[in-house]
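Its first residue numbered 40, the sequence shown is counted upward by one per residue in my numbering. For every residue, glycine included, the Cβ atom is placed at its ideal position computed from N, Cα and C. Note that this is a predicted model, so its numbers are computed, not measured. Let me begin by presenting the structure, written as structure tokens, before commenting on it.
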Amino acid sequence: MQKSGRIYLVGAGPGDPELLTIKAARLLDRADAVIYDRLVSDEILELANPFAERVYVGKSTGSHSLKQSEINTLLVHMARKHCHIVRLKGGDPYIFGRGGEEAEWLSLHDVPFEVVPGITAAAGCMAQLNLPLTHRGLATSVRFVTGHMQADAEPHHDWRSLADPDTTLAIYMGVKTMPVIAGKLLEHGLPTDTPVMIIENGSTPDQRHFRSTLGNVCDDLNRLDFDPPCMIVIGRVISLADRLSLPEAELLSESRFGQNAAPDFPDGGLRYAHTA
Numbered sequence: 040m041q042k043s044g045r046i047y048l049v050g051a052g053p054g055d056p057e058l059l060t061i062k063a064a065r066l067l068d069r070a071d072a073v074i075y076d077r078l079v080s081d082e083i084l085e086l087a088n089p090f091a092e093r094v095y096v097g098k099s100t101g102s103h104s105l106k107q108s109e110i111n112t113l114l115v116h117m118a119r120k121h122c123h124i125v126r127l128k129g130g131d132p133y134i135f136g137r138g139g140e141e142a143e144w145l146s147l148h149d150v151p152f153e154v155v156p157g158i159t160a161a162a163g164c165m166a167q168l169n170l171p172l173t174h175r176g177l178a179t180s181v182r183f184v185t186g187h188m189q190a191d192a193e194p195h196h197d198w199r200s201l202a203d204p205d206t207t208l209a210i211y212m213g214v215k216t217m218p219v220i221a222g223k224l225l226e227h228g229l230p231t232d233t234p235v236m237i238i239e240n241g242s243t244p245d246q247r248h249f250r251s252t253l254g255n256v257c258d259d260l261n262r263l264d265f266d267p268p269c270m271i272v273i274g275r276v277i278s279l280a281d282r283l284s285l286p287e288a289e290l291l292s293e294s295r296f297g298q299n300a301a302p303d304f305p306d307g308g309l310r311y312a313h314t315a
């Protein structure tokens, strides 16, 4: 049997390179090859061994550089070619990152692998705003929910279960399907004034965010032209923004700033407003 290198399925976190784990940084530094997704920032890639082979396999809405089956095949090929391969994914590889599918394929082909968890987008983006996902008296549970289904099918979930006022919903990949998601949650009993936070490009210099309500979120997404990647968090914990989050300011396109720019307001350039 041909000797195989080891694949490391590594979570790169929500975007800020300082949120990368020490283990992930160490593996990048020693990697012979790095296979990375669209959501991995240039700042994180700069931490990789400069002599490592780099392969981009990013996906965006309606556009894939490689199909998942092709990525699976590529991983096995790279394992026959290199000793230490980092498969780098935004957030956590096992939370809506298809890391489980890749692990199954590697196991099937006798390729040794290891999973290195990362801070998932929901936790990272909310922490950036000083907001919790759970809070006594407001949310006794949190649910990670995908807004994107295979073959662009309409999301189908147990909406009655999700429409729980004591639960925080963290919606991944839900910008395009938010009309369906919001409609189903309202239909199954969540009030129209349920707080919502929309976070675009979370924890990066391009982050912007907006506080809305379940009844208004679809209009706000369209009006403010939010684009993926976005995290949409629904639940009463968002009301803590009045006490815990950064000072409110009008969300403006010019609130974006370059990484080396010096922000002249205390929240570091992350601005949001809220609707009634």
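- Ranking MET212, GLY52, LEU224 and ILE124 by CA distance to the CA of ALA91 puts ILE124 first.
- Distance from the CA atom of ALA118 to the CA atom of GLY44, rounded to whole angstroms, is 5 Å.
- Judged by DSSP in its simplified three-state form, LYS223 adopts helix.
- When rounded, the separation of the alpha-carbon atoms in GLY129 and HIS195 is 25 Å.
- Spanning the alpha carbons of ILE220 and GLU85 requires a straight line of approximately 37 Å.
- DSSP lists THR252 as the bridge partner or partners of PRO234.
- Note that the region 157-172 does not touch the region 256-264; fewer than 3 beta-carbon pairs, one per stretch, sit closer than 8 Å.
- Between ARG247 and GLU57, the alpha-carbon positions lie close to 19 Å from each other.
- Separation of ALA162 and LEU127 (C-alpha to C-alpha, rounded to the nearest whole angstrom) is 19 Å.
- When DSSP reads this structure, HIS174 sits in a beta bridge with ALA178.
- SER180 sits close to THR206, with the two beta carbons spaced by under 8 Å.
- Within its own chain, the residues whose Cβ lies closer than 8 Å to the Cβ of SER278, once the five positions on either side in sequence are excluded, are LEU177 and PRO234, listed in chain order.
- Residue environment: PRO151 is assigned as exposed (fewer than 16 neighbouring CB atoms within 10 Å of its CB, all protein chains considered).
- Under a 10 Å Cβ-count criterion, THR231 is classified as exposed, with fewer than 16 other Cβ atoms of the shown protein chains found around its own Cβ.
- Secondary structure at CYS122: coil, using DSSP grouped into helix, strand and coil.
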